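Undergrad: Okay, here's the structure, questions in a sec.
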Amino acid sequence: MNRRRFGKRTRCDAVVAGVDLRGKAYAITGANAGIGYETARALASRGARVYLLCRHPLRGSLAAERIRRAHPGAWVEVLSLDLASLRSVRACAKRFPERLLEGLIANAGVFGGSYRETEDGFERTVGVCHFGHFALFLGLWERLRAAERPRLVVVSSGSHRSPPRLDFEHFLRPRERYRPLVAYGQAKLCNVLFAAEAQRRFGAEGLTAVSLHPGPLIATDIGRDAWYARLAIALARPFSRSVVQGAATSVYCATAPEVEEHGGGYFRDCAPCLPSSEARDPEVARRLWELSEDLVARPPVLGAPVARAAPSPPA
Numbered sequence: 019m020n021r022r023r024f025g026k027r028t029r030c031d032a033v034v035a036g037v038d039l040r041g042k043a044y045a046i047t048g049a050n051a052g053i054g055y056e057t058a059r060a061l062a063s064r065g066a067r068v069y070l071l072c073r074h075p076l077r078g079s080l081a082a083e084r085i086r087r088a089h090p091g092a093w094v095e096v097l098s099l100d101l102a103s104l105r106s107v108r109a110c111a112k113r114f115p116e117r118l119l120e121g122l123i124a125n126a127g128v129f130g131g132s133y134r135e136t137e138d139g140f141e142r143t144v145g146v147c148h149f150g151h152f153a154l155f156l157g158l159w160e161r162l163r164a165a166e167r168p169r170l171v172v173v174s175s176g177s178h179r180s181p182p183r184l185d186f187e188h189f190l191r192p193r194e195r196y197r198p199l200v201a202y203g204q205a206k207l208c209n210v211l212f213a214a215e216a217q218r219r220f221g222a223e224g225l226t227a228v229s230l231h232p233g234p235l236i237a238t239d240i241g242r243d244a245w246y247a248r249l250a251i252a253l254a255r256p257f258s259r260s261v262v263q264g265a266a267t268s269v270y271c272a273t274a275p276e277v278e279e280h281g282g283g284y285f286r287d288c289a290p291c292l293p294s295s296e297a298r299d300p301e302v303a304r305r306l307w308e309l310s311e312d313l314v315a316r317p318p319v320l321g322a323p324v325a326r327a328a329p330s331p332p333a
């Protein structure tokens, strides 16, 4: 196989140059702006049917129109999805119009600001970044399984390395333990563990699940609610990557055949690399999955603690 080499300055369009994606369907969360938008645009430019899953349908429609203007004939549709509401997630999955889905790209995220809870009582950062995507994957799994070689691509971050361990207490008493940077790091660690465990559980059925780091301090609107995040991005702008560069690894993970050799892995700069030691712990991944199943099925009451995940029995 003649594999092209990509790096940290690769643009997403270069990743799919000459690639034929006609007949394939992809769903991308948070696709109305930033990395999600560029990922959607690149896939649509090569003939894929692309669904923009957006919290604000009007913004999604404007993004879809921009893609159609940039690439006449591009097939782009918008579906309403609020990852901060399990009701919205389930409704989106239920009405998803495709019978087969080649790829789900879990791109959307939030960061910073004061403590807030989702509609279902989760701390907002982990609720949107992890629990919402977890529920969406489960809701779309039958459509993914119907595809010949389905992909789950989870956009994480290098911030997953900052927490030395996954703090399960963060899910149990989120208000008491809330710190914006800590919450974001925990959520991004969940992303890596989620992809790894999805691969372990569904790889035998053809799924390739991976997570990725898009690059340092890409100028997106993920930190729009926190003044310090906006300041950090502004100061780092001369040294950061563009969104078309940040989307390259997402597009690569969704389309490159060789990614199948690294199911459950973590990517950066269009290449596999090692995540943190905690992110590689299969027992932590298993516990997170089981807790997520429980909490998504029985979300916490606002302000009330939820049941503690049982510790693993000694070997």
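Quick note on the working numbering: the sequence shown kicks off at 19 and runs consecutively.
Just so it is clear, CB atoms sit at the ideal spot from N, CA and C, and this is done for glycine as well.
Because the structure is a prediction, the values reported are computed rather than measured.
Could you give the distance in angstroms between the alpha-carbon of residue 202 and the alpha-carbon of residue 141?
TA: On the sequence shown, residue 202 is found 184 positions in, with the first residue counted as 1. On the sequence shown, residue 141 is found 123 positions in, with the first residue counted as 1. Distance between the alpha carbons of residue 202 and residue 141 is about 11 Å.
Undergrad: For residue 121, write down the residues that DSSP places opposite it in a beta bridge.
TA: Reading the sequence shown from its first residue, position 103 is the one you call residue 121. Per DSSP, 44 and 169.
Undergrad: Can you tell me the Cα-Cα spacing of residue 14 and residue 303, whole angstroms?
TA: This structure cannot speak to residue 14, because the chain is shown only from 19 to 333.
Undergrad: In angstroms, rounded to a whole number, what distance separates the CA positions of residue 169 and residue 66?
TA: The sequence position of residue 169 within the sequence shown is 151, counting from 1. The sequence position of residue 66 within the sequence shown is 48, counting from 1. Residue 169 and residue 66: Cα-Cα distance of roughly 14 Å.
Undergrad: Contact defined as beta carbons within less than 8 Å: I believe residue 109 pairs with residue 136. What is the distance between those atoms, to the nearest angstrom?
TA: Indexing the sequence shown from 1 puts residue 109 at position 91. Indexing the sequence shown from 1 puts residue 136 at position 118. Their Cβ separation, rounded to whole angstroms, is 15 Å, which puts residue 109 and residue 136 out of contact at 8 Å.
Undergrad: Should residue 187 be labelled buried (16 or more other beta-carbon atoms within 10 Å of its own) or exposed?
TA: As a first step, residue 187 is located in the sequence shown; it is residue number 169 there, counting from the start. Answer is exposed; the Cβ neighbour count stays below 16.
Undergrad: For the candidate residues 182, 130 and 94, whose alpha-carbon lies nearest to that of residue 116?
TA: Translated into positions along the sequence shown, residue 116 becomes position 98. It is 94 whose Cα lies nearest to the Cα of residue 116.
Undergrad: In or out: residue 288 buried (at least 16 other Cβ within 10 Å) or exposed?
TA: Your numbering for residue 288 matches position 270 in the sequence shown. Result: buried.
Undergrad: I'd like the list of long-range same chain contacts for residue 37, defined as Cβ closer than 7 Å, with 5 residues on each side in sequence excluded.
TA: Locating residue 37 in the sequence shown gives position 19, counting from the first residue. Result list for residue 37: 64 and 273, in chain order.
Undergrad: In three-state terms, what does DSSP make of residue 315?
TA: Residue 315 sits at position 297 when you count from the first residue of the sequence shown. Residue 315 falls in the helix class under three-state DSSP.
Undergrad: Output the distance between the C-alpha atoms of residue 241 and residue 100, rounded to the nearest integer angstrom.
TA: Translated into positions along the sequence shown, residue 241 becomes position 223. Translated into positions along the sequence shown, residue 100 becomes position 82. With a pLDDT of 48 at residue 241, under the threshold of 50, the modelled position of this residue cannot be trusted; read the value that follows with caution. Near 17 Å, if we compare the C-alpha coordinates of residue 100 and residue 241.
Undergrad: Identify whether residue 103 lies in helix, strand or coil by the three-state DSSP scheme.
TA: As a working note, residue 103 is residue 85 in the sequence shown. Correct three-state label for residue 103: coil.
Undergrad: With distance defined between alpha-carbon atoms, name the residue in 119, 43, 174 and 35 nearest to residue 156.
TA: Within the sequence shown, numbered from 1, the residue matching residue 156 stands at position 138. Ranking 119, 43, 174 and 35 by Cα distance to residue 156 puts 119 first.
Undergrad: Check residue 26 in the structure and name its three-state DSSP category.
TA: To locate residue 26, count along the sequence shown from 1; it is residue 8. It is coil, neither helix nor strand.
Undergrad: Closest to residue 259 by CA distance: which of 232, 41 and 276 is it?
TA: Numbered from its first residue, the sequence shown carries residue 259 at position 241. Residue 259 has its Cα closest to that of 232, out of 232, 41 and 276.
Undergrad: Report the rounded CA-to-CA distance for residue 107 versus residue 34, giving the unit in angstroms.
TA: To locate residue 107, count along the sequence shown from 1; it is residue 89. To locate residue 34, count along the sequence shown from 1; it is residue 16. Their Cα atoms are separated by approximately 29 Å.
Undergrad: By DSSP, does residue 274 sit in helix, in strand, or in coil?
TA: Position 256 of the sequence shown, counted from the first residue, corresponds to residue 274. Note: residue 274 maps to coil in three-state DSSP.
Undergrad: Between residue 128 and the ligand ADP, is there a pair consisting of the residue's CB and a ligand heavy atom that are separated by less than 8 Å?
TA: With respect to small molecules bound, the structure shown includes none, and the ligand ADP cannot be examined in it.
Undergrad: Taking residue 129 as the reference, which of 175, 162, 98 and 159 has the closest Cα?
TA: As a working note, residue 129 is residue 111 in the sequence shown. The shortest C-alpha separation from residue 129 is found at 175.
Undergrad: Assuming residue 97 and residue 69 are in contact, meaning their beta carbons sit under 8 Å apart, how far apart are those beta carbons, in whole angstroms?
TA: Counting from one through the sequence shown, the residue named residue 97 turns up at place 79. Counting from one through the sequence shown, the residue named residue 69 turns up at place 51. Indeed, because the Cβ distance is near 6 Å, the residues count as touching under 8 Å.
Undergrad: If you draw a straight line from the C-alpha of residue 213 to the C-alpha of residue 182, how long is it?
TA: In the sequence shown, residue 213 corresponds to position 195, counting from 1. In the sequence shown, residue 182 corresponds to position 164, counting from 1. C-alpha separation (whole angstroms): 19 Å.
Undergrad: Under 8 Å by Cβ, that's how I've got residue 268 and residue 123 pegged, so tell me the actual separation to the nearest angstrom.
TA: Here residue 268 is taken as the residue at index 250 of the sequence shown, counted from 1. Here residue 123 is taken as the residue at index 105 of the sequence shown, counted from 1. So it is a contact: roughly 6 Å between Cβ atoms.
Undergrad: Hey, would you say residue 225 sits closer than 9 Å to residue 163, going by beta carbons?
TA: Stepping through the sequence shown from its first residue, residue 225 is reached at position 207. Stepping through the sequence shown from its first residue, residue 163 is reached at position 145. Cβ atoms of residue 225 and residue 163: closer than 9 Å.
Undergrad: Would you kindly work out how many angstroms separate the C-alpha atoms of residue 227 and residue 44, rounded to a whole number?
TA: Looking up residue 227 in the sequence shown gives position 209. Looking up residue 44 in the sequence shown gives position 26. Answer to the nearest angstrom: the Cα atoms are 14 Å apart.
Undergrad: Can you give me the Cβ contacts of residue 160 inside the same chain, cut-off strictly under 8 Å, excluding the 5 residues immediately before and after it?
TA: Taking the sequence shown and counting its residues from 1, one reaches residue 160 at position 142. Around residue 160: no qualifying Cβ.
Undergrad: Could you tell me the distance, in whole angstroms, from the CA atom of residue 297 to the CA atom of residue 88?
TA: Sequence index remark: in the sequence shown, residue 297 carries index 279 (1-based). Sequence index remark: in the sequence shown, residue 88 carries index 70 (1-based). Straight-line Cα distance between these residues: approximately 39 Å.
Undergrad: Which residues does DSSP pair with residue 93 in a beta bridge?
TA: Residue mapping note: residue 93 aligns to position 75 of the sequence shown, counting from 1. Answer by DSSP bridge pairing, in chain order: 67.
Undergrad: Rounding to the nearest angstrom, what Cα-Cα distance links residue 216 and residue 83 in this structure?
TA: One-based indexing of the sequence shown puts residue 216 at position 198. One-based indexing of the sequence shown puts residue 83 at position 65. If I take the Cα positions, the gap works out to 34 Å.
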